[in-house]
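Some notes on the structure that comes next.
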Amino acid sequence: MNRGNEIFVSLITLIRKEIKRYLRIWVQTLVPPAVTMSLYFVIFGSLIGPRIGTMDGLDYIQFMIPGLIMMSVITNSYANVVSSFYSVKFQKSIEELLVSPMPNWAILVGFVMGGVSRGVLIGCIVFCVSLFFYPSFTIVNPLLTVSVLFLTAILFSLMGFINAIFADSFDDISIIPTFVLTPLIYLGGVFYSINILPDIWRNISMVNPMLYVVNTFREGMLGVSDVSIPFALGMIIFFIIILTSACLLLLHRGVGTRQ
Amino acid sequence: MNQFALEITDLKKTYDSDVVALKGINLSVKEGDFFALLGPNGAGKSSTIGIIASLVTKTGGKVKIFGIDTDENFPEAKRLLGVVSQEINFNNFEKVIDIVTTQAGFYGISLKDSKPKTETTLKRLGLWEKRNEQARTLSGGFKRRLMIAKALIHEPKLLILDEPTAGVDIELRREMWEFLKEINAKGTTIILTTHYLEEAEQLCKNIAIIDYGELVENTSMKDLLSRLDVQGFVLDIDKTLDQPPSISKFPITLEDSTTLNVSIKKDQSINHLFEQLSALDINVLSMRNKSNRLEEMFIEMVNKS
């Protein structure tokens with residue numbers, strides 16, 4: 016059998032398995048973000064939003080939509096990979112992959128694509144939900160929007176993969192999302208523009224990586240941003256390259272996977 | 021045709037905890053062999069298998085599968101290898117058929133091509149009726165069969181089974197033996213680790229014993245058993261005794277009032293024992309080996325090492 020074809024089939028098999036995994040438990044994976052985001056739109060968008068007025072010259076609910084979509088994409092792409100890869104380690108079904116001729120990069124791509132597909136699917140679901148609350152929404156730059164959507168999903172899937180590699184217990188896979196990701200996302204400009212902050216907090220916010228992801232996506236959807244887009248895109252791509260290299264090195268050395 | 025299915029040279033493994041699992045073992049398994057790798061718990065059997073299957077990273081040494089060096093072309097070597105691990109290693113929430121077709125996919129076999137193979141393999145292992153059931157609903161024995169089905173789906177030339185019948189009832193164990201004999205007869209080389217020494221004696225042509233990370237024996241089963249000097253037998257007699265009968269050259273002890281334990285050297289005639297018992301008006305109703313012959317030899321070797 017042709018080696019290229021063999022790898023392609025194995026990769027498709029892994030991606031299909033990953034997608035089937037989260038679709039099989041859709042009540043746990045697809046419904047909660049839709050429900051949670053609907054509540055955000057109702058409370059912060061429809062009830063509190065009109066009292067807030069405008070943000071960066073936009074209706075508050077309109078300003079919030081890209082941030083909430085990004086928040087869903089980040090948490091779900093991360094959660095998918097960290098839980099899936101840790102689970103295969105925990106139940107030892109990772110051996111199915113390790114004994115097979117699949118190269119390490121195909122294993123990494125398979126899990127990351129699983130996370131990306133879930134992140135993007137959730138992003139689309141949240142966007143559809145947002146249309147119920149703000150039907151006149153139009154996307155300013157579809158190419159940038161889609162690019163950032165996929166790049167962000169890739170970036171956080173890779174982070175989830177590294178978390179799963181080092182995780183030794185189920186506690187280890189919830190610590191980073193709870194104590195690192197969530198605070199950074201909430202303080203990363205999902206609900207406000209950093210222009211409303213005092214100088215000191217604005218400067219501190221500039222070192223929050225979530226700010227760049229959220230604002231680049233907001234630039235794509237609404238045409239407004241608090242940060243430089245070329246710089247933000249460059250950083251996202253730079254970190255994707257760094258994290259991909261780290262994942263491949265860890266897999267090659269067998270850290271967390273082989274004894 | 022390469023003569024060896026597996027060649028291991030100076031294989032070493034030291035874990036991060038500084039535990040030395042393998043101290044440099046050398047082992048060759050001929051193509052078509054049915055080979056037993058035995059040893060007590062913690063001897064290094066699973067580390068050896070783990071390294072061959074790429075589940076464990078080696079500290080040093082070489083592994084060749086059908087002449088292919090795993091350091092140079094592991095994917096090619098892996099294609100020739102099937103591994104049945106000691107512990108259940110599939111997702112219990114997936115259907116039986118999905119587990120097998122997915123494993124085939126990881127070996128580059130498309131869904132279309134794997135379907136007929138899956139059907140044949142599951143039918144042969146008695147799992148076809150359960151193909152749409154979640155793996156978690158299977159009994160322990162069927163889970164073991166599923167492990168074997170997974171390992172065989174890509175038709176490996178070398179099959180390694182790490183204690184495949186642990187916790188399996190006698191009937192199923194014998195069914196598995198027949199199945200393994202059948203695939204070995206068709207040309208698949210099999211390496212088996214087991215704690216059931218009767219299993220190794222029944223199935224395997226050649227044997228290696230590993231202890232404390234070193235190979236203490238590597239020979240044919242026939243040769244090993246021929247070295248057994250003394251065998252213990254249990255005799256059921258028709259008479260009730262208070263003390264064991266005294267027969268020269270045959271040490272006898274009483275297990276209970278109607279059962280004798282006798283040690284017989286391999287150059288001694290059993291007829292001579294029966295004659296002397298008859299002379300004492302003791303008739304033997306039945307006779308059996310006190311323990312498995314290989315077990316006696318195994319304990320002797322492991323104690324020596």
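Note that the protein sequences, when read in sequence, are chains A and B. Positions 16 to 274 (this note's numbering) are the ones given, in order, by the first sequence. Positions 21 to 325 (this note's numbering) are the ones given, in order, by the second sequence. Backbone N, C-alpha and C fix where the C-beta goes; we use that ideal spot for every residue, glycine too. Note that this is a predicted model, so its numbers are computed, not measured.
With distances taken between CA atoms, G125 (chain A) lies nearest to A:L263 out of A:L263, A:F232, A:T51. Its chain contains G125, M128, G129 as the residues whose beta carbon lies nearer than 7 Å to that of I30 (chain A), once the 5 sequence neighbours on both sides are disregarded; these appear in chain order.
The segment 105 to 121 of chain A makes contact with the segment 266 to 273 of chain A; the number of CB pairs closer than 8 Å reaches 3 or more. Burial state of G238 (chain A) is exposed, judged by a 10 Å Cβ sphere holding fewer than 16 other Cβ atoms. At a cut-off of 8 Å between beta carbons, F126 (chain B) contacts chain A. About 6 Å separates the beta carbons of L261 (chain B) and L274 (chain B), which is inside the 8 Å limit, making them a contact pair.
Contact between I255 (chain A) and L170 (chain A) holds, since their C-beta atoms are separated by about 5 Å, short of 8 Å. Annotation: V242 (chain A) to N210 (chain A) spans about 11 Å, alpha carbon to alpha carbon. Not a single C-beta of chain B is nearer than 8 Å to the C-beta of V96 (chain A).
The segment 151 to 158 of chain B makes no contact with the segment 50 to 61 of chain A: fewer than 3 CB pairs, one atom from each, lie closer than 8 Å.
Within the segment 35 to 48 of chain A, no residue places its CB atom closer than 7 Å to a CB of chain B. Counting along the chain, I302 (chain B) sits inside no beta strand (DSSP E), nor does DSSP assign it H or E at all. Residues of chain B whose Cβ lies closer than 9 Å to the Cβ of R273 (chain A) are, in chain order, G70, S74, L75, V76, T77. Judged by beta-carbon spacing, A41 (chain B) lies within the 8 Å limit of S67 (chain B), meaning their Cβ atoms are closer than that value. Segment contact: the segment 199 to 206 of chain A against the segment 171 to 184 of chain A, fewer than three CB-CB distances shorter than 8 Å; contact not assigned. Chain-order list of chain B residues neighbouring M128 (chain A): empty, with the shortest C-beta distance near 14 Å, by a criterion of under 8 Å. In the structure shown, the three-state DSSP call for M221 (chain A) is coil. Rounded to the nearest whole angstrom, the CA to CA distance from A49 (chain A) to S87 (chain A) is 9 Å.
Per DSSP, the unbroken beta strand (DSSP E) holding I257 (chain B) starts and ends at 250 to 257. With its beta carbon at least 8 Å from every one in chain B, E33 (chain A) lies outside the interface. For V135 (chain A), no beta strand (DSSP E) segment is defined; the enclosing uninterrupted segment is the alpha helix (DSSP H) at 119 to 148. Within chain B, the C-beta atoms nearer than 7 Å to that of M117 (chain A) come from F126, in chain order.
In this model, E92 (chain B) and L26 (chain B) are separated by some 15 Å (Cα to Cα).
Scanning its chain for C-beta atoms nearer than 6 Å, with the 5 sequence neighbours on each side dropped, one finds around G235 (chain A) the residues N156, L159, T160, V163, in chain order. Residues of chain A with a Cβ closer than 9 Å to the Cβ of E237 (chain B) do not exist, since the nearest Cβ in that chain sits about 26 Å away. Bounds of any alpha helix (DSSP H) do not take in D91 (chain B), whose DSSP letter is neither H nor E.
In this model, K33 (chain B) and R268 (chain A) are separated by some 15 Å (Cα to Cα). Rounded to whole angstroms, I215 (chain A) and L166 (chain A) show a C-alpha spacing of 30 Å. Judged by DSSP in its simplified three-state form, R308 (chain B) adopts strand.
Separation of the CB atoms of N91 (chain A) and R133 (chain A) is rounded to 5 Å, and the pair is thereby assigned contact status at 8 Å.
Going by C-alpha positions, F148 (chain A) is about 16 Å away from R66 (chain A). Residues of chain A with a Cβ closer than 8 Å to the Cβ of F162 (chain B) do not exist, since the nearest Cβ in that chain sits about 17 Å away.
If you draw a straight line from the Cα of W41 (chain A) to the Cα of L136 (chain A), it comes to about 12 Å.
Counting only the Cα atoms, N226 (chain B) lies some 6 Å from T239 (chain B). V144 (chain A) and T51 (chain A) have their alpha carbons spaced roughly 11 Å apart.
If you compare the alpha carbons of B:T213, B:V236, B:N281 with that of L181 (chain B), the shortest gap goes to B:T213.
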